[in-house]
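This report refers to the structure that appears directly beneath it.
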Ligand SMILES: Nc1ncnc2c1ncn2[C@@H]1O[C@H](COP(=O)(O)OP(=O)(O)OP(=O)(O)O)[C@@H](O)[C@H]1O
Ligand SMILES: [Mg+2]
């Protein structure tokens with residue numbers, strides 16, 4: 229289970245120098261910090277797919293990066309399986325498989341080497357990691373890619389490799405930042421099937437969190453949805469619950485209502 233409570237994160241936003249760009253002047257009133265996340269809280273149970281839904285810049289990636297221990301929160305708590313991410317990051321990370329939005333593969337290594345290397349970092353034997361790479365490749369329909377260097381891989385091929393790498397140590401918690409970005413319809417379906425299976429007791433009753441912009445994906449896959457807007461959790465529940473809460477029959481309409489409720493009507497409709 230994953231528990232996130234009142235996390236916040238601010239980034240310094242250094243201004244570019246305007247020197248050399250005639251006509252461009254710096255507005256003194258503009259803030260020098262970006263409040264990427266102000267107050268996000270939610271719980272993601274085991275055997276459950278939790279969708280993190282929010283507009284561009286809402287703070288989804290920042291929240292997931294804090295969960296993966298990649299950046300420290302300014303405030304709040306992130307707990308994975310009872311382990312506090314800030315004070316025990318290595319232990320927490322061992323319980324998580326993380327697919328970040330940048331993918332970050334080693335281009336000079338083959339797909340197999342990328343996957344096995346990560347398994348080794350997680351304490352697996354080379355044989356166990358290789359066997360796991362093989363079976364994950366089958367599940368993700370990328371067996372023929374395994375021994376190619378990842379340099380030059382297409383977006384979808386990189387995504388599959390990064391996903392296999394995230395799952396190599398069979399983590400109980402799976403955190404995916406827009407995993408279907410760049411995937412074609414068949415690969416998206418395969419991923420959906422895999423996630424559905426991983427959620428079942430036979431698949432390990434994994435705790436799965438994924439962020440997306442795609443409403444159909446949420447409707448088809450998620451057991452519950454957390455809506456994030458302007459760095460805050462603004463709603464959480466099942467799709468039917470969110471429809472009832474907004475008195476909408478269409479989930480896209482419900483999402484727009486929830487995500488842009490605090491904005492002026494003219495902004496919300498733009
Ligand atoms: N390293 C950083 N430095 C400065 N600002 C940042 C940094 N990372 C994120 N931000 C800002 O924080 C806000 C939240 O960004 P984040 O990437 O978390 O949004 P998101 O919900 O994942 O959006 P998207 O749907 O576009 O992926 C944005 O305004 C972004 O510009
Ligand atoms: Mg993002």
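Residue numbers (our numbering): 229 to 498.
Even glycine gets a Cβ: it sits at the ideal position worked out from N, Cα and C.
Here the C-alpha atom of residue 450 lies approximately 19 angstroms from the C-alpha atom of residue 399. Put simply, of 375, 368, 466 and 397 the residue whose alpha carbon is nearest the alpha carbon of residue 384 is 368. Three or more pairs of CB atoms, one per stretch, sit closer than 8 angstroms, so the region 285 to 298 contacts the region 451 to 469. Counting only the Cα atoms, residue 486 lies some 42 angstroms from residue 340. Distance from the CA atom of residue 390 to the CA atom of residue 403, rounded to whole angstroms, is 12 angstroms.
Look at residue 294 here: in three-state DSSP terms it is helix.
DSSP lists 230 as the beta-bridge partner residues of residue 272.
DSSP, read as helix, strand or coil, puts residue 312 in strand. Distances between the C-beta of residue 409 and the heavy atoms of ligand 1 are all 7 angstroms or more.
In the pairwise beta carbon analysis, the region 302 to 317 is classified as touching the region 229 to 241: at least three pairs are separated by under 8 angstroms. Taking C-beta atoms as the reference points, residue 433 and residue 274 count as a pair closer than 8 angstroms.
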